[in-house]
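Report on the structure given below.
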Amino acid sequence: MAVRAGGGVVCRLQPSGVIEAAVIHRRASADWTLPKGKLYQGETPEQGALREVKEETGFRCQLLRSLGSIDYNDRRGRRKIAFYWLMRRLSGRFQPGEEVDHLLWLPFEAAAELLHHERDQVVLQRARVSGMVAGLWLSAEPVGRLA
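If you use UniProt numbering, the sequence shown corresponds to residues 1 to 147, in order.
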């Protein structure tokens, strides 16, 4: 059975008009990635994505649009299915912790170059296309829940 996970591409719009995405550095694996983590039993992918993003970034977010899923084998060889959403940060501050020691806000191009895994780059590209085409950055009504 596959391990299920939820995560997000958390974005913000700078006054200059540049859209930035949050990328995190995991201390244990020493890589830059998108916030995500395993779902709890009985938790929906949406609930898990919001919870994991809050745990890893400190941000309370709102779901804007599904970015689909990525199916892969993790470093232990387990099959993993990760569900992602484009998210808007509503509040909160990043505080370094045991699992995540750094967070950077970067324009999409710079974020893609920093991300360690190609699968994260694919998700980031989906977020970029989805967000720009749909005009979701600040003007559109969110389609998801709050957490």
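Heads up, the beta-carbon is just placed ideally off N, CA and C, and yes, glycines get one too. Since this is a predicted model, take the numbers as computed values, not measurements.
inquiry  = Pairs of beta-carbons, one from the stretch 119–129 and one from the stretch 68–78, closer than 8 Å: are there three or more?
reply    = yes
ask   = Run through DSSP, which three-state label would residue 142 get?
value = With a pLDDT of 48 at residue 142, under the threshold of 50, the modelled position of that residue is not reliable, and the figure given next carries that caveat. In this structure, residue 142 counts as coil in the three-state DSSP scheme.
message = Buried or exposed for residue 128, going by 16 or more other Cβ atoms inside 10 Å?
response = With a 10 Å radius around the Cβ and a threshold of 16 neighbouring Cβ atoms, residue 128 comes out buried.
Through-space distance from residue 75 to residue 50, alpha-carbon basis = 24 Å
request  = Enumerate in chain order the residues of its own chain whose CB-to-CB distance from residue 28 is below 8 Å, with the five nearest sequence positions on each side excluded.
outcome  = 99
query = So the beta strand (DSSP E) residue 27 belongs to, where does it begin and stop?
reply = Segment: none, residue 27 is in no beta strand (DSSP E) and carries neither H nor E.
task = Return the Cβ separation of residue 93 and residue 10 in integer angstroms, given the expectation that the two are a contact with Cβ distance under 8 Å.
result = That belief does not hold up - the Cβ atoms of residue 93 and residue 10 are roughly 13 Å apart, past 8 Å.
ask   = By the 10 Å Cβ neighbour count, where 16 or more other Cβ atoms means buried, how is residue 113 classified, buried or exposed?
value = exposed
ask   = Cα separation between residue 105 and residue 22?
value = 5 Å
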